[in-house]
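In my numbering, the protein residues as written are 1427 to 1507. Beneath this line is the structure, given in structure tokens, with notes to follow.
Pasting the structure below:
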């Protein structure tokens, strides 16, 4: 199950990067233009972006716990060189 979460994390992270680029592109089209189609496109991309960020936020603690061999919260297993 944890590997499924890690795969999902990677997929969602890639989606967030892609959506942020798409959103940036749509927003650049809006400069000086008042076109409802662009507004609508940007709105849909933004909604999908927010949804992906929420998914990432939900699974991130499990992924971090699995990928890091120490406790980030209390640092109990961290050794200082």
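Beta carbons are placed, not taken as given, at the ideal position from N, Cα and C, and that holds for glycine.
What number of angstroms, rounded off, separates the C-alpha of residue 1477 from the C-alpha of residue 1447? As a working note, residue 1477 is residue 51 in the chain shown. As a working note, residue 1447 is residue 21 in the chain shown. One alpha carbon belongs to residue 1477, the other to residue 1447, and they sit about 16 Å apart.
Excluding the 5 residues flanking residue 1445 on each side, which residues of the same chain have their C-beta closer than 7 Å to its C-beta? Within the chain shown, residue 1445 is the residue found at index 19, counting from 1. Closer than 7 Å at the Cβ level, and outside the excluded window around residue 1445, lie 1471, 1474, 1475 and 1478.
Would you tell me roughly how many angstroms separate the C-alpha atoms of residue 1430 and residue 1437, rounded to the nearest one? Within the chain shown, numbered from 1, the residue matching residue 1430 stands at position 4. Within the chain shown, numbered from 1, the residue matching residue 1437 stands at position 11. For residue 1430 and residue 1437, the distance between alpha carbons rounds to 10 Å.
Report the rounded CA-to-CA distance for residue 1450 versus residue 1440, giving the unit in angstroms. Locating residue 1450 in the chain shown gives position 24, counting from the first residue. Locating residue 1440 in the chain shown gives position 14, counting from the first residue. For the pair residue 1450 and residue 1440, the Cα-to-Cα distance works out to about 15 Å.
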